[in-house]
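**Q** Please see the structure below; I have some questions.
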Amino acid sequence: MGATPNPGTTPVPDTPGTPGRPGATATKLSDTWAALRQDTDLRGRRWSEAASDAADEWLAQVFASADQQDNQAPAGTAGPASRSARLGGLLSRRPPAPAGGAAALLAVGSLGRRDVAPGSDLDLLLVHRGRADIDSLADRLWYPIWDDPMPLDHSVRTLAQAAQAAESDLRVALGLLDARLVAGDAELYAELVALTKSLWQKRAAKWLPGLADSRSSAHEGLGDVAFLLEPELQEGRGGLRDLQVLTLLGKVTPVVAPVLAEPGLRESGDFLHAVRVELQRPTGKRSERLLLEDQDKVAEALGLAGRPELAHQVATAARTVAWLMDDAWRRVGSWLAGPRGRGGSADRPLGPGLVLRDNEVVVPAQTAIGADPTLALRAAAASAELGMPLARATMARLKAEAPVPSSPWPEPVLRAFLELLAAGYAAVGAVETLDHLGVWQRYMPEWDLVRNRPQFNPYHRWTVDRHLLEAVAAAAEHQRDVHRPDLLLIGMLLHDIGKGQPGDHSRAGADLAVAALERMGLAREDRTIVHKLVLHHLLLPDVATRRDLEDPATATAVADTVGDLVTLELLGAMADADGRATGPAAWTPWKARLVEDLVRKAQAVLEGRPVPVGPAFPNEDQRALMAAGGTQVVPGAHDVTVVAPDRPGLFADLTGALALHGISILSARACSEEGKALDLFVLDVDDEAPPRWERVVADLAAAANKQLDVAEALARRPGPPRALRRAAALAVAGTRVIVDNDAGTSATIVEVRAPDSPGLLHRVGRALASLGLDIVSAQVSTLGAAAVDTFYVRSEGEKLAGESQADTLRQSLEALLAAPTGA
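Numbering (my numbering), first residue to last: 1116 to 1938.
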């Protein structure tokens, strides 16, 4: 009589070779791993080692059972019918070979490295020396794993087949380097190890460049783990795959051992691995992207103080891995090139104390680094300008010997500092090398405040420190456009230095800049300008996207704040550089044009000239549309004009109709004459995928004529949209209303800040209409998951009278927007 299965076990067959359950075992590995997931005392590598031990023991039992049953089969017969036989011969059978040949079960991939995570597959290789019953043995191995169930990636090969597969697939060649014996013939395993070593000795020159290209492609597609809001922990640059590649390079080259011995590498790898384990622990499913909604839970599991500390440590670890990975590839490239691939032995002078030797920037041994505070900066600038790395010995000496310059800096130090910043994008890596060596902070001690500091908004693609360097690089392209490029570069380097400090980061940064500018030795007048640049670096983009540029008060207010033409010019260049360094979502052609227009108008005020005015609104064509009467919808390339009988709520219904089609509004202007309303909407549309204008026009006309219940249609939309989920994960503040009754010439300004969501403009428009207000113009600015929408409103053709009415409007609007229906 057969054994009675216990709950949570796979039934043990009555007789060896029972069809349908070949090689079954009494214990389920999935149950063991599930229990380990519940054991929160096991974190990171300790969890992986325990899970790997459990897998090894279980797989050894499966192999022993399978191999024993095959060996018990009568000579000349197979065990259970193979899969190819069960498929009626549709799969080709292997040619007959002597029964009883050697076989070994090997772990490869994460199990081979013993760094499995809760969602890992079992990567297994069954290697044999020509067994006729290998299909049967494979069935007895794989079926218990499938029945368990555990995810399985498997292959069956002879040594010759393994070599052939490696020759044709780099992934197989890499996997063989991780192969580890789990059960079976140790001699066969040793032969595979020797074969793998021989293959790599012969093919390293071919395979390693292919591996480098493969990693570069992955990095390009997935980005840097250190900088992404939701990083891909495994394949991103500086992630766990790079760590694995580093180890593999150490196995097949003689030059990577010093990199593997670098302090901080093991700690960085262990931390990233621990994050991956905790990310997958709750579900046991494979997940490599650290999503926003998971970050607080992972941080708590690792004993960290929330998402910011987790992101900071992930960035620190990933940048360490990435920097050392780059160093390893440089060593490998030099090793592959050999002596013939390197430069000549003659040194090429690069300035006092610097030479180019073997395509590396070198400080010769006889040069006293500690006596020259410019040397580290000049070495980094030469590295950037030539595209050549600092020699490893030079980096070690700079780390140990580079001095802290006296304060205020001597003029040569400031000149060398500016020369490095002026190198543009090439300087980013050079400065990060100095920072990795601990040298950069000797010039910029404030850097400790922003190093690897994350920015939790989806439009920022860099940590604060990297963003500052990218912004300086973008600003370097404006050096010929401004009168004081030196102040532009310094202002750009400091503009976000206050992030992470309490309060407004611009004001905090301006305060921090005071000491930095005095240390640099700038003249008093120059320090004043840079202080203003840091304090007001957001002025132009904020005003340009939130205020009506045709209102004369807008340009006047900017001119009064800026105070002089030099500062205005520098702020304009900074706005462009800051926006481009932030990301495409933060700096669009539309926003760039608005900032340019604002600078031109503010410049006219400062020069005492008339402020340039834009095209008349409404223009002659628009007046002709209004004169024709009725309801008319006229789409353009990036805008749409609607003429309709005027009524309360018209603007709200039109914006809602556009939201139904997923069309974002950048700005709007409205006017009403003799009972006819004209609304012009400037739209954010993709030229490559324009809207289906027939349906948009029909819905706009229906909304204008009250034939479409826009509120009901929006309520039927599925949700919550991703923008709302991201807003919740990023803890975007709730709705806030600001009413300014003084900044507008003939209208009251209402600014609504809220989590972005489809139909937000519709809700605000309905609320304003319910309060008896007419919308004259609107500016829409979306910053990631947060929206800042500005409305110029009038009541019976006039701006509000006094602060009392403005305060009443603010309270009423906040109450209306807080209501569940927005009514």
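By construction, the Cβ of each residue, glycine as well, lies at the ideal position given by its N, Cα and C atoms.
1. For the segment 1232–1289, list the beta strand (DSSP E) runs that are entirely contained and at least 3 residues long, ordered along the chain.
2. Between the segment 1698–1711 and the segment 1566–1579, can you find at least three pairs of beta-carbon atoms closer than 8 Å?
3. Going by DSSP, name the residue or residues bridged to Ala1219.
4. Please determine, among Leu1394, Gly1613, Val1370, the residue with the shortest C-alpha to C-alpha distance to Arg1566.
5. Measure how close the beta-carbons of Leu1239 and Leu1267 come, nearest whole angstrom, since I'm counting them as under 8 Å.
6. Note down the Cα distance separating Glu1918 from Ala1672, rounded to an integer number of angstroms.
7. With respect to the alpha helix (DSSP H) encompassing Glu1500, which residues constitute its N-terminal and C-terminal limits?
8. Just verifying my parser: in three-state terms, what is the DSSP assignment at Val1726?
9. Within 8 Å, do at least three Cβ pairs link the segment 1659–1677 to the segment 1891–1905?
10. If we ignore side chains and look at the alpha-carbon of each, how far apart do Gly1937 and Pro1560 end up?
11. Whose C-beta lies closer than 8 Å to the C-beta of Met1510 among residues of the same chain, with five residues either side of it excluded?
12. By how many angstroms is the C-alpha of Thr1273 removed from the C-alpha of Val1360?
13. Based on the DSSP secondary-structure assignment, which residues constitute the bridge partners of Tyr1907?
14. With distances taken Cα to Cα, identify the nearest neighbour of Leu1303 among Ser1498, Glu1345, Leu1221, Ala1253.
15. Take Thr1905 as the anchor and find which of Ile1780, Ile1260, Asp1802, Leu1815 has the nearest alpha-carbon.
16. Round the Cβ separation of Ala1819 and Asp1768 to the nearest angstrom and send it over; I've been treating them as touching at under 8 Å.
17. Under 8 Å by Cβ, that's how I've got Pro1873 and Leu1829 pegged, so tell me the actual separation to the nearest angstrom.
18. What separation, rounded to the nearest whole angstrom, lies between the Cα atoms of Ala1742 and Leu1795?
19. Shortest alpha-carbon distance to Asp1250 belongs to which of Ala1181, Gly1384, Ala1586?
20. Decide if Asn1856 is buried, meaning its Cβ has at least 16 other Cβ atoms within 10 Å, or exposed.
21. Considering only the alpha carbon of each residue, which of Glu1684, Ala1707, Leu1686, Leu1685 lies closest to Arg1695?
22. Using only the alpha-carbon positions, how far apart do Ala1217 and Val1470 sit?
23. Would you kindly report the start and end of the unbroken alpha helix (DSSP H) that includes Lys1366?
24. Quick one: using the 10 Å Cβ neighbour count with 16 as the cut-off for buried, is Thr1923 buried or exposed?
25. Are the CB atoms of Leu1603 and Leu1683 nearer to each other than 8 Å?
26. Are the CB atoms of Val1413 and Glu1393 within a distance shorter than 8 Å?
27. Decide if Phe1732 is buried, meaning its Cβ has at least 16 other Cβ atoms within 10 Å, or exposed.
28. For Ala1506, which residues of its own chain have a beta-carbon under 6 Å away from its beta-carbon, when the five flanking residues on both sides are left out?
29. Does the segment 1154–1163 come close enough to the segment 1228–1239 to have 3 or more Cβ pairs within less than 8 Å?
30. Using the C-alpha atoms, what's the distance from Trp1524 back to Gly1624?
31. Residues in its own chain within less than 7 Å of Asp1328 by CB, not counting five upstream and five downstream?
32. Hey, Ser1910 and Gly1887 are a contact pair by Cβ (cut 8 Å); roughly how many whole angstroms apart?
33. Taking just the CA atoms, how far does Ser1402 sit from Ala1193?
34. For the putative contact between Ala1674 and Leu1721, defined by C-beta atoms under 8 Å, what is the C-beta separation to the nearest angstrom?
35. Tell whether a beta-carbon distance below 8 Å holds between Arg1642 and Glu1633.
36. Please classify Leu1798: does DSSP put it in a helix, a strand, or coil?
**A** Taking the coordinates as given:
1. For the segment 1232–1289, the continuous beta strand (DSSP E) assignments of 3+ residues that do not extend past its boundaries occur at 1237–1243, 1267–1273, in sequence order.
2. A contact exists between the segment 1566–1579 and the segment 1698–1711.
3. According to DSSP, Ala1219 shares a beta bridge with Val1242, Gly1299.
4. With distances taken between Cα atoms, Arg1566 lies closest to Gly1613.
5. Rounded, the Cβ-Cβ distance is 7 Å, consistent with contact.
6. Distance from the CA atom of Glu1918 to the CA atom of Ala1672, rounded to whole angstroms, is 20 Å.
7. Here the alpha helix (DSSP H) through Glu1500 covers 1490–1501.
8. Val1726 falls in the coil class under three-state DSSP.
9. Counting Cβ pairs under 8 Å, three or more are found: they touch.
10. Summary for Gly1937: the model assigns pLDDT 41, below 50, so the residue's position carries little reliability, and this model does not support an answer.
11. Around Met1510: Thr1548, Leu1552.
12. Going from the Cα of Val1360 to the Cα of Thr1273 covers about 26 Å.
13. Answer by DSSP bridge pairing, in chain order: Ile1864, Ser1892.
14. Looking only at Ser1498, Glu1345, Leu1221, Ala1253, the smallest Cα-Cα distance to Leu1303 is reached by Leu1221.
15. Ile1780 is the residue among Ile1780, Ile1260, Asp1802, Leu1815 whose C-alpha sits nearest the C-alpha of Thr1905.
16. With a Cβ gap of about 7 Å, Ala1819 and Asp1768 count as contacting.
17. 7 Å between Cβ atoms; contact.
18. Looking at the two C-alpha atoms, the distance is approximately 16 Å.
19. Between Asp1250 and the set Ala1181, Gly1384, Ala1586, the nearest pair of CA atoms involves Ala1181.
20. Around the CB of Asn1856, 16 or more other CB atoms lie within 10 Å, so the residue is classed as buried.
21. For the residues Glu1684, Ala1707, Leu1686, Leu1685, the minimum Cα distance to Arg1695 belongs to Ala1707.
22. So the two alpha carbons sit approximately 60 Å from each other.
23. Run containing Lys1366: 1355–1367, per the alpha helix (DSSP H) assignment.
24. Counting every other CB atom within 10 Å of its CB across the protein chains shown gives Thr1923 a total below 16, marking it as exposed.
25. With a cutoff of 8 Å on beta-carbon distance, Leu1603 and Leu1683 are scored as not near each other.
26. Contact: yes.
27. The C-beta of Phe1732 has fewer than 16 other C-beta atoms within 10 Å across all chains shown, which makes the residue exposed.
28. Counting only Cβ-Cβ distances below 6 Å, and skipping sequence neighbours, we find Glu1475, Val1477.
29. Contact between the segment 1154–1163 and the segment 1228–1239 is present, because at least three Cβ pairs lie under 8 Å.
30. Taking the straight line joining both Cα atoms gives about 21 Å.
31. The beta carbon of Asp1328 lies closer than 7 Å to none in the same chain, with the five residues before and after it left out.
32. About 6 Å separates the two Cβ atoms, so the contact holds.
33. Residue confidence is low: Ala1193 scores 39 on pLDDT, short of 50, so the model does not pin down where it sits. Its coordinate-derived value is still stated next. Between Ala1193 and Ser1402, the C-alpha separation is close to 40 Å.
34. With a Cβ gap of about 5 Å, Ala1674 and Leu1721 count as contacting.
35. Their beta carbons are under 8 Å apart, which means Arg1642 touches Glu1633 by this criterion.
36. Here Leu1798 sits in strand by DSSP.
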